[in-house]
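Contents: one structure, followed by commentary.
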Amino acid sequence: MKRFLPDFAYDEIAAEFAPSFRAAQIFQWVYRRYVTDFEQISTLPKTMRADLAERFTLEGVAIAAKQTSEDGSVKYLFRLADGHTIEAVLLLMREEQRDDEEHTLKQAQYTICLSTQVGCKIGCAFCMTAKGGFERNLSAGEIVSQVLLIKRDRLMDAEKGLNIVYMGMGEPLDNLDNVAKAIAILSCKDGLNISPRRQTLSTSGISPKIAALGKMNLGVLLAISLHAVDNETRLRLMPINKAYDIASIIAAVRAYPIDLRKRVMFEYLMIKGINDSLECAKKLVKLLSGLRAKVNLIAFNPHEGSDFERPSAAAIEAFQRLLLDRGLLCVVRQSRGIDIDAACGQLRERLGVKAALV
Ligand code: SAH
Ligand code: SF4
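Numbering that gives the first Met the number 0 applies: residue 0 is where the sequence shown begins, and numbers increase by one.
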């Protein structure tokens with residue numbers, strides 16, 4: 000069976016195609032020139048192209064559907080080789096700015112939110128992905144391909160810088176080996192060239208795996224989905240809290256490599272009447288004291304079949320104000336793409352798990 004090329008790191012390709020500059024050429028043509036057929040790699044000798052095509056394929060992930068939001072964000076549904084579907088979202092963080100003569104002053108800025116698994120085992124009460132259960136891990140190539148296919152679909156300049164967040168479907172630390180490999184492939188200079196510092200891994204808090212990630216020293220930034228300040232509430236929202244409670248997560252963050260620890264982000268999903276009181280805000284300040292943390296407040300994104308509600312804008316603002324007043328860095332994450340159900344798992348659910356068409 001042919002192997003899926005995006006599953007392979009630069010060194011692995013270099014080991015099969017000597018001399019080593021051949022690997023650079025293959026990476027450049029696949030990830031920077033967006034070829035879909037090895038035959039198009041005109042700088043490779045014909046025999047090597049044939050050899051490549053005999054052993055490898057570029058087919059394995061395809062765009063099945065997309066939906067554009069009013070704010071310019073685009074949600075993609077991808078179909079994998081075995082028929083499963085996953086989602087990724089291209090988030091427009093800043094629009095292009097032009098002067099009166101239509102010259103670009105500032106380029107548009109994008110962040111891509113990637114999936115790491117088909118479904119998820121963690122089963123958080125508020126999450127759409129959790130509803131479908133767990134199917135399987137994504138391979139490194141299936142993770143990398145989400146970025147490649149979005150860039151190719153948009154005909155995005157290869158030089159265009161992007162940020163990556165592993166905040167789509169799945170728990171990245173539950174698929175750490177493949178995610179680590181994807182981080183490395185995405186950062187390859189001859190390929191997509193996205194530095195690990197521009198990649199943020201978000202986890203529900205599997206404490207021992209946070210330690211393992213720290214030891215790997217990949218240079219990736221860490222985000223913790225905290226969502227509650229006491230174990231009782233957190234357990235209600237996230238069953239994983241039974242195995243790894245809040246104290247164990249904070250301890251794991253304190254032990255994370257120093258330069259990266261400085262910028263750990265804590266995500267706090269605000270749900271009306273559950274974790275949105277000022278009492279909670281005070282406890283949050285206490286919990287994170289001594290950590291150079293940044294808090295990302297997210298308003299719950301309602302979906303069908305969920306009993307939770309989104310807090311009022313005033314409640315979110317009051318919560319944020321308290322944190323800021325006490326010196327805790329805090330931003331309210333804009334609900335980009337809210338009209339396209341951009342909380343991952345929602346498009347897939349709505350279109351049916353094995354959606355067919357663009
Ligand atoms: N499994 C990892 C990464 C994927 S989830 C994690 O949990 O961190 C990415 C983020 O989306 C998490 O912070 C999660 O809490 C948030 N999320 C899930 N469902 C949501 C919803 N309905 N509204 C808003 N955010 C949601
Ligand atoms: Fe999994 Fe994250 Fe959803 Fe929880 S929030 S079920 S960990 S994807």
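Note that the Cβ used here is the ideal one computed from N, Cα and C, for glycine as well.
Does residue i pass the burial test, meaning 16 or more other C-beta atoms within 10 Å, or should it be called exposed?
i: Asp98; result: exposed
i: Gly140; result: buried
i: Leu200; result: buried
i: Met0; result: exposed
i: Ala181; result: buried
i: Ser311; result: exposed
i: Asn216; result: exposed
i: Arg93; result: exposed
i: Ala14; result: exposed
i: Gln96; result: exposed
i: Asn230; result: exposed
i: Glu38; result: exposed
i: Gly190; result: buried
i: Phe20; result: exposed
i: Thr202; result: buried
Run through DSSP, which three-state label would residue i get?
i: Ile12; result: helix
i: Leu191; result: coil
i: Ala359; result: Since the first and last residues shown for the chain are 0 and 357, residue 359 lies out of range.
i: Leu154; result: coil
i: Arg235; result: helix
i: Phe318; result: helix
i: Glu86; result: strand
i: Met215; result: helix
i: Val228; result: coil
i: Ala222; result: strand
i: Lys1; result: coil
With a Cβ-Cβ cutoff of 7 Å, do residue i and residue j count as a contact?
i: Ala210; j: Ala183; result: no
i: Glu86; j: Ser114; result: yes
i: Ile205; j: Met269; result: no
i: Ile193; j: Ile149; result: no
i: Ile297; j: Arg332; result: yes
i: Val143; j: Pro5; result: yes
i: His83; j: Val117; result: yes
i: Arg146; j: Ile111; result: Per the sequence shown, the amino acid found at residue 146 is Val instead of Arg. Yes, these two residues count as a Cβ contact at 7 Å.
i: Arg151; j: Tyr33; result: yes
First and last residue of the beta strand (DSSP E) that includes residue i?
i: Ile62; result: Val60 to Thr67
i: Met47; result: No beta strand (DSSP E) holds Met47; the alpha helix (DSSP H) holding it covers Lys45 to Arg54.
i: Arg78; result: Val73 to Leu79
Complete runs of the alpha helix (DSSP H) confined to the segment 94-146 [at least 4 residues]: 127-130
Could you tell me which uninterrupted beta strand (DSSP E) segments, each at least 3 residues in length, are contained entirely in the segment 272-316, listed from first to last along the chain? 293-298
Quick check on the DSSP output: what are the complete beta strand (DSSP E) runs of length 3 or more inside the segment 159-212, in order along the chain? 161-165 and 198-202
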